[in-house]
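This report concerns only the one structure given below.
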Amino acid sequence: QVQLVESGGGLVQPGGSLRLSCAASRSIFSFNRMGWYRQAPGKERELVARIHSGGSTYYADSGKGRFTIFRDNAKNTVYLQMNSLKPEDTAVYYCNANSMPENLEVWGQGTVVTVSS
Numbered sequence: 093q094v095q096l097v098e099s100g101g102g103l104v105q106p107g108g109s110l111r112l113s114c115a116a117s118r119s120i121f122s123f124n125r126m127g128w129y130r131q132a133p134g135k136e137r138e139l140v141a142r143i144h145s146g147g148s149t150y151y152a153d154s155g156k157g158r159f160t161i162f163r164d165n166a167k168n169t170v171y172l173q174m175n176s177l178k179p180e181d182t183a184v185y186y187c188n189a190n191s192m193p194e195n196l197e198v199w200g201q202g203t204v205v206t207v208s209s
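The sequence shown finishes on residue 209 if you use the numbering used here, and the numbering steps up by one all the way, no holes.
This is the structure we're talking about:
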């Protein structure tokens, strides 16, 4: 069974930075795409950033210029570097992986990010 394990969340002051990690239990190249989503209290889950197997990336407007998604293939890990954090970035952040040939979608357990002074 494929597993994704997130880490790196925590409490940070506005303007600060955090790096989230998503470690996969198998090669990340086996997925067509991997992404980070977030869900704030009382809101729907939304896409934050995505990286495709070929390396192309996509960012939601909320994170453009502040967030960077990248990967370490040797560690089977995808990261989300978040800079200039704002209180509205407070949410549970989830890692997602998708494999279309397998009709497979996997979610991590989530990691909490709180931006507050």
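Virtual Cβ for every residue (Gly too), placed ideally from N, Cα, C.
Nearest-angstrom beta carbon gap, residue j and residue i [assumed within contact, 8 Å]
| i | j | result |
| --- | --- | --- |
| SER209 | GLN95 | Not confirmed; about 35 Å, so no contact. |
| GLY202 | GLU138 | About 14 Å; that fails the 8 Å criterion. |
| ARG142 | ARG125 | 6 Å |
| VAL184 | GLN131 | 5 Å |
Distance cut-off 7 Å: residue i Cβ against heavy atoms of the ligand COA
| i | result |
| --- | --- |
| CYS187 | The ligand content of the structure shown is nil, which means the ligand COA is not present either. |
Own chain residues within Cβ distance below 7 Å of residue i, not counting five before or after
| i | result |
| --- | --- |
| SER176 | GLY107 and ARG158 |
| GLY200 | LEU96, VAL97, GLU98, CYS114, TYR186 and CYS187 |
| PRO179 | PRO106, VAL207 and SER208 |
Residue of the options minimising C-alpha distance to residue i
| i | options | result |
| --- | --- | --- |
| GLY147 | THR160, ASP181, ALA116 and SER154 | THR160 |
| HIS144 | SER109, ASN190, ASP153 and LYS135 | ASN190 |
| PHE123 | TYR129, GLY101 and VAL198 | VAL198 |
| ASN168 | PRO133, SER119 and LEU103 | SER119 |
| MET192 | VAL204, SER109, GLY100 and PHE121 | PHE121 |
| ASP153 | PRO133, GLY100 and ASP181 | ASP181 |
Close Cβ partners of residue i (< 6 Å) along its chain, the five nearest in sequence each way excluded
| i | result |
| --- | --- |
| SER117 | VAL94 and GLN95 |
C-beta contact flag for residue i and residue j at 8 Å
| i | j | result |
| --- | --- | --- |
| LEU196 | LEU112 | no |
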